[in-house]
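Residue numbers (the numbering used here), protein chains in the order written: chain A, 1 to 293; chain B, 1 to 293.
For every residue, glycine included, the Cβ atom is placed at its ideal position computed from N, Cα and C.
2 protein chains.
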Amino acid sequence: MIQVVEVGLRDGLQNEKLMIPTHVKQRLVQRLINAGIKEIEVTSFVHPTWVPQLADADLLASQLHIDPGVTYRALVPNRKGLERALRTPIHEYAVFISASETHNQKNINKSIEETFPVLQEVVAEAKQHQKRVRGYVSTVFGCPYEGKVDLKQVVMICERLMDMGVYEISLGDTIGVATPNQVKEALTELLRQFSSEQLAVHFHDTRGTGLVNAYVSLECGITTLDSSLGGLGGCPYAPGATGNLATEDLIYMLDGMGIKTGINLEELCQTSHWLEEQLGKKLSSKVLRSYFQ
Amino acid sequence: MIQVVEVGLRDGLQNEKLMIPTHVKQRLVQRLINAGIKEIEVTSFVHPTWVPQLADADLLASQLHIDPGVTYRALVPNRKGLERALRTPIHEYAVFISASETHNQKNINKSIEETFPVLQEVVAEAKQHQKRVRGYVSTVFGCPYEGKVDLKQVVMICERLMDMGVYEISLGDTIGVATPNQVKEALTELLRQFSSEQLAVHFHDTRGTGLVNAYVSLECGITTLDSSLGGLGGCPYAPGATGNLATEDLIYMLDGMGIKTGINLEELCQTSHWLEEQLGKKLSSKVLRSYFQ
Numbered sequence: 001m002i003q004v005v006e007v008g009l010r011d012g013l014q015n016e017k018l019m020i021p022t023h024v025k026q027r028l029v030q031r032l033i034n035a036g037i038k039e040i041e042v043t044s045f046v047h048p049t050w051v052p053q054l055a056d057a058d059l060l061a062s063q064l065h066i067d068p069g070v071t072y073r074a075l076v077p078n079r080k081g082l083e084r085a086l087r088t089p090i091h092e093y094a095v096f097i098s099a100s101e102t103h104n105q106k107n108i109n110k111s112i113e114e115t116f117p118v119l120q121e122v123v124a125e126a127k128q129h130q131k132r133v134r135g136y137v138s139t140v141f142g143c144p145y146e147g148k149v150d151l152k153q154v155v156m157i158c159e160r161l162m163d164m165g166v167y168e169i170s171l172g173d174t175i176g177v178a179t180p181n182q183v184k185e186a187l188t189e190l191l192r193q194f195s196s197e198q199l200a201v202h203f204h205d206t207r208g209t210g211l212v213n214a215y216v217s218l219e220c221g222i223t224t225l226d227s228s229l230g231g232l233g234g235c236p237y238a239p240g241a242t243g244n245l246a247t248e249d250l251i252y253m254l255d256g257m258g259i260k261t262g263i264n265l266e267e268l269c270q271t272s273h274w275l276e277e278q279l280g281k282k283l284s285s286k287v288l289r290s291y292f293q
Numbered sequence: 001m002i003q004v005v006e007v008g009l010r011d012g013l014q015n016e017k018l019m020i021p022t023h024v025k026q027r028l029v030q031r032l033i034n035a036g037i038k039e040i041e042v043t044s045f046v047h048p049t050w051v052p053q054l055a056d057a058d059l060l061a062s063q064l065h066i067d068p069g070v071t072y073r074a075l076v077p078n079r080k081g082l083e084r085a086l087r088t089p090i091h092e093y094a095v096f097i098s099a100s101e102t103h104n105q106k107n108i109n110k111s112i113e114e115t116f117p118v119l120q121e122v123v124a125e126a127k128q129h130q131k132r133v134r135g136y137v138s139t140v141f142g143c144p145y146e147g148k149v150d151l152k153q154v155v156m157i158c159e160r161l162m163d164m165g166v167y168e169i170s171l172g173d174t175i176g177v178a179t180p181n182q183v184k185e186a187l188t189e190l191l192r193q194f195s196s197e198q199l200a201v202h203f204h205d206t207r208g209t210g211l212v213n214a215y216v217s218l219e220c221g222i223t224t225l226d227s228s229l230g231g232l233g234g235c236p237y238a239p240g241a242t243g244n245l246a247t248e249d250l251i252y253m254l255d256g257m258g259i260k261t262g263i264n265l266e267e268l269c270q271t272s273h274w275l276e277e278q279l280g281k282k283l284s285s286k287v288l289r290s291y292f293q
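See the structure below:
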């Protein structure tokens, strides 16, 4: 069973210039669920100064119409964010760290070593509240400041996160530089230490390689893939990082490969087309464009 | 050794609304060669009524500055086209046919069965003039009118083309619907009848699967891939068929996989950025966008 984690509301909207009203986000969540999305990262409890687009995290999360078959997820950067998240019905949290020192510094304003205790505290307390925590590792396949990232460093960070008690690590190609053999090499190495259920992949399509990297990950045995409606996304602290892998493009490929996800591509495209109207701009998903020119 | 056949000047420009002056096309050919392109389809000797964008085929082909390390190719639909082509220094010709009856009818105005003798005549006469002929088969992975295309029909057409004496068949996903398993299945079947040197692949990126299909083809042993600068392309008789696989995106992946092509990605992007200025519009290659926002 392949699990698709929809991250557009978080990783996507946080990079949009336009502030989307909370009621539109609520409608978006609902439409995604109607299209068959079961895993959805709805927001981030970072400080609103850093990501004003998600400043309504508390409101949005509190007003969700919780569907029993759906897992609602949110990003939680630190203890303060955790306290906010715990007041909402969000099921599952995610902490984040970069594999490269400079990106971590720019993104979190801390060294990698300084970041661990912050995450440790979040994970420990979340678990006390019976919440599962995912770990995101950014810049796994390349850093906008440092270039290539040492795989040993990636393995070390994943080990530290696992030791803290995260149940899964999502490996991020934050700036979309990864190519298939690199993905295969990294996953082969990581799958020596971790099971395929403990790893997820999170590709950006900046250089058009998102889908082929997803394909290679499936071939390696990965069963959880992150994607973003319409290909929304980027990273404010990673210059040139445009667009996550589009959920539509991923589902089109999975459908064609006979891999069932329960997600209805037509409804998904209707949803992203509706979102395009809300954002007043075209999204980058190619499958979306094949439905709506 | 992987061979990239640049088809942007033909398959790309024939779908552009703007008529590009011959001297700009000449400059484009030269810039592509400077970037390391060795196989280049420069034009098509179809009747100008059908493809006015390539009405300057004779002029363009006659005025080429022939580089001894480069193979110049052109599409030749029939005897009349062949006579025109033979008056130019073009090295290699290509004939075309569709795998689906309706697309062939709309594209060539003949049934598949009626098309064979026309191609037979071109191939026979071209060979008398010591010219190699490639065969294009369109709609191999799906037809805009008929949907799925029977693989047996594809095999039959390829056999007929090979019997005529084409040295290579380029398998076209004309409307960009193919997914990886389908490509693997088709190539596995075709590679039972033909050697990998006799087959090329020609993907369109309409649904974002161009690159992953190219990857799967490489895995199957295919060594010749068609692509189009900037992702130019489409098909006038295939509704919704946008953009060939972009040469930049293909080269980026091949570079990352350590596969040498002799093509310089930076120079290629400079060339497509220059072409964007000539066309007055942005091209779809993601790698190009990562160089020039």
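**Study point:** Endpoints, alpha helix (DSSP H) assigned at His273 (chain A)
**Key:** Working through the first sequence from its first residue, we reach residue 273 (chain A) at position 273. Here the alpha helix (DSSP H) through His273 (chain A) covers Leu265 to Leu279.
Check your understanding: Which chain D residues are close to Val287 (chain A), counting only those with a beta carbon under 8 Å from its beta carbon?
Key -> Going by chain labels, chain D is absent from the structure shown, which instead holds the protein chains A and B.
Review point. Along the chain, where does the alpha helix (DSSP H) that runs through His103 (chain A) open and close?
Key: Stepping through the first sequence from its first residue, residue 103 (chain A) is reached at position 103. Counting along the chain, His103 (chain A) sits inside the alpha helix (DSSP H) bounded by residues Glu101 to Ile108.
Practice item. Tell me whether Arg129 (chain A) is buried or exposed, calling it buried when 16 or more other Cβ atoms sit within 10 Å of its Cβ. Key: Working through the first sequence from its first residue, we reach residue 129 (chain A) at position 129. Checking the sequence shown, residue 129 (chain A) turns out to be His, not Arg. Its Cβ having fewer than 16 others within 10 Å, His129 (chain A) is exposed.
Practice item. Counting only the same chain and skipping the five closest in sequence on each side, list residues whose C-beta sits under 7 Å from that of Ile263 (chain B). Key: On the second sequence, position 263 is the one that residue 263 (chain B) refers to. Cβ within range, chain order: Val4, Ala35, Gly36, Ile37 and Ile251.
Check your understanding: For Thr71 (chain A), which of helix, strand or coil comes out of DSSP?
Key -> The residue given as residue 71 (chain A) occupies position 71 in the first sequence. Strand, per DSSP.
Review point. Could you give the C-beta distance for Ala61 (chain B) and Thr43 (chain B), rounded to a whole number, given that I count them as a contact under 8 Å?
Key: For the purposes of this step, residue 61 (chain B) is taken as residue 61 along the second sequence, with counting starting at 1. For the purposes of this step, residue 43 (chain B) is taken as residue 43 along the second sequence, with counting starting at 1. 6 Å between Cβ atoms; contact.
Review point. Quick one: which chain B residues come within Cβ less than 8 Å of Leu211 (chain A)?
Key: Within the first sequence, numbered from 1, the residue matching residue 211 (chain A) stands at position 211. For Leu211 (chain A), the chain B residues whose Cβ falls inside 8 Å of its Cβ are Gly208, Thr209, Leu211 and Val212, in order along the chain.
Review point. With 16 as the cutoff for other CB atoms within 10 Å, does Pro180 (chain B) come out buried or exposed?
Key: To locate residue 180 (chain B), count along the second sequence from 1; it is residue 180. By the 10 Å Cβ count, Pro180 (chain B) comes out buried.
Review point. Can you list, in chain order, the residues of its chain whose CB lies under 7 Å from that of Lys25 (chain B), leaving out five sequence neighbours each side?
Key: As a position in the second sequence, residue 25 (chain B) is number 25, starting the count at 1. Take Lys25 (chain B), set aside five residues on each side of it, and the residues of its chain with a beta-carbon closer than 7 Å to its own are Leu9 and Leu60, in chain order.
Check your understanding: Which term fits Gly208 (chain B), buried or exposed, when burial requires 16 or more other beta carbons within 10 angstroms of its beta carbon?
Key -> Stepping through the second sequence from its first residue, residue 208 (chain B) is reached at position 208. Burial state of Gly208 (chain B) is buried, judged by a 10 Å Cβ sphere holding 16 or more other Cβ atoms.
Exercise for review: Could you work out which residues of chain A lie near Tyr215 (chain B), taking near to mean beta carbons separated by less than 8 Å?
Suggested key: The count along the second sequence starts at 1 and reaches residue 215 (chain B) at position 215. Pro180, Val212, Tyr215 and Val216, listed in chain order.
Point to revise | Glu248 (chain A) classed as buried or exposed, judged by whether at least 16 other C-beta atoms fall within 10 angstroms | key: In the first sequence, counting from the first residue as 1, residue 248 (chain A) sits at position 248. Classification of Glu248 (chain A): buried, given that the 10 Å Cβ count is 16 or more.
Check your understanding: Measuring CA to CA, which of A:Phe96, A:His91 and A:Ala57 is closest to Asp67 (chain A)?
Key -> Here residue 67 (chain A) refers to the residue found at position 67 of the first sequence. It is A:His91.
**Study point:** Rounded straight-line distance, which links the Cα of Glu185 (chain A) to that of Val70 (chain A)
**Key:** The sequence position of residue 70 (chain A) within the first sequence is 70, counting from 1. The sequence position of residue 185 (chain A) within the first sequence is 185, counting from 1. Roughly 33 Å separates the two Cα atoms.
Check your understanding: Just reading off the alpha helix (DSSP H) that Phe45 (chain A) is part of, what are its end residues?
Key -> One-based indexing of the first sequence puts residue 45 (chain A) at position 45. Counting along the chain, Phe45 (chain A) falls outside any alpha helix (DSSP H), and DSSP gives it neither H nor E.
Exercise for review: Report the rounded CA-to-CA distance for Gly230 (chain A) versus Asp205 (chain A), giving the unit in angstroms.
Suggested key: Sequence index remark: in the first sequence, residue 230 (chain A) carries index 230 (1-based). Sequence index remark: in the first sequence, residue 205 (chain A) carries index 205 (1-based). The straight-line gap from Cα to Cα measures roughly 11 Å.
Review point. Can you tell me where the alpha helix (DSSP H) with Glu189 (chain A) in it begins and where it stops?
Key: On the first sequence, residue 189 (chain A) is found 189 positions in, with the first residue counted as 1. Here the alpha helix (DSSP H) through Glu189 (chain A) covers Pro180 to Gln193.
Check your understanding: Quick one: Cα of Arg79 (chain A) to Cα of Val46 (chain A), how far?
Key -> Working through the first sequence from its first residue, we reach residue 79 (chain A) at position 79. Working through the first sequence from its first residue, we reach residue 46 (chain A) at position 46. One C-alpha to the other measures close to 10 Å.
Point to revise | Integer-rounded CB distance, given that Gln120 (chain A) should sit under 8 Å from Met164 (chain A) | key: Indexing the first sequence from 1 puts residue 164 (chain A) at position 164. Indexing the first sequence from 1 puts residue 120 (chain A) at position 120. Right, the Cβ-Cβ distance comes to about 5 Å (below 8 Å), so this counts as a contact.
Exercise for review: Can you give me the start and stop residues for the beta strand (DSSP E) that His202 (chain A) sits inside?
Suggested key: Residue numbering aside, residue 202 (chain A) sits at position 202 when the first sequence is read from its first letter. Boundaries of the beta strand (DSSP E) around His202 (chain A): Leu199 to Phe203.
Review point. Would you say Met253 (chain B) reaches chain A, if we count a Cβ-Cβ gap shorter than 8 Å as a contact?
Key: Looking up residue 253 (chain B) in the second sequence gives position 253. Interface residue, yes.
Review point. Within the 8 Å Cβ cut-off, does Gly258 (chain B) reach chain A?
Key: Numbered from its first residue, the second sequence carries residue 258 (chain B) at position 258. Taking a beta-carbon distance threshold of 8 Å, Gly258 (chain B) counts as an interface residue toward chain A.
Check your understanding: Between Leu364 (chain A) and Leu288 (chain A), what straight-line distance do the alpha-carbon atoms span, to the nearest angstrom?
Key -> Residue 364 (chain A) lies beyond the stretch modelled for chain A, which goes from 1 to 293, so this question has no answer here.
Review point. In chain A, what lies closer than 8 Å to Asp249 (chain B) by C-beta?
Key: Sequence index remark: in the second sequence, residue 249 (chain B) carries index 249 (1-based). Ordered by position in chain A, the residues that pass the 8 Å Cβ test against Asp249 (chain B) are Arg207, Gly208 and Thr209.
Review point. How far does the alpha helix (DSSP H) with Ala222 (chain A) in it reach, from first residue to last?
Key: For the purposes of this step, residue 222 (chain A) is identified with residue 222 of the first sequence, where counting begins at 1. In the sequence on display, residue 222 (chain A) carries Ile and not Ala. No alpha helix (DSSP H) holds Ile222 (chain A); DSSP gives it neither H nor E.
Review point. What did DSSP end up calling Ile90 (chain B) once you bin it into helix, strand or coil?
Key: Translated into the one-based positions of the second sequence, residue 90 (chain B) becomes position 90. DSSP places Ile90 (chain B) in the coil class of the three-state scheme, outside both helix and strand.
Exercise for review: Check each candidate in B:Leu199, B:Arg84, B:Leu232 and B:Ser227 and name the one with the smallest Cα separation from Gly221 (chain B).
Suggested key: Within the second sequence, numbered from 1, the residue matching residue 221 (chain B) stands at position 221. Here the closest residue by C-alpha is B:Leu199.
**Study point:** Bridge partners - Val212 (chain B), DSSP secondary structure assignment
**Key:** Start at 1 with the first residue of the second sequence, and residue 212 (chain B) comes out as number 212. DSSP lists no beta-bridge partner residue for Val212 (chain B).
Check your understanding: What beta strand (DSSP E) runs, 3 residues minimum, are completely inside the stretch 110-163 of chain A?
Key -> Segments of the beta strand (DSSP E) lying fully in the stretch 110-163 of chain A: 132-138.
Practice item. Taking all protein chains shown into account, decide if Met253 (chain B) is buried (16 or more other Cβ within 10 angstroms of its Cβ) or exposed. Key: For the purposes of this step, residue 253 (chain B) is identified with residue 253 of the second sequence, where counting begins at 1. Residue environment for Met253 (chain B): buried (at least 16 other C-beta atoms within 10 angstroms of its C-beta).
Check your understanding: CB-CB under 8 Å to Ile97 (chain A), same chain, minus the five flanking residues each way: which ones, in chain order?
Key -> Residue mapping note: residue 97 (chain A) aligns to position 97 of the first sequence, counting from 1. The beta carbon of Ile97 (chain A) is closer than 8 Å to those of Asn104, Ile108, Ile112, Thr115, Phe116, Leu119, Gly135, Tyr136, Val137, Ser138, Ile157 and Leu161 in its chain, skipping five residues each way along the sequence.
**Study point:** Test item: CB-CB of Gly176 (chain B) and Asp11 (chain B) under 8 Å
**Key:** For the purposes of this step, residue 176 (chain B) is taken as the residue at position 176 of the second sequence. For the purposes of this step, residue 11 (chain B) is taken as the residue at position 11 of the second sequence. Going by beta carbons, Gly176 (chain B) and Asp11 (chain B) fall outside the 8 Å limit.
**Study point:** Beta-carbon gap between Pro89 (chain A) and Leu64 (chain A) smaller than 8 Å
**Key:** The residue given as residue 89 (chain A) occupies position 89 in the first sequence. The residue given as residue 64 (chain A) occupies position 64 in the first sequence. In contact: Pro89 (chain A) and Leu64 (chain A) (Cβ atoms closer than 8 Å).
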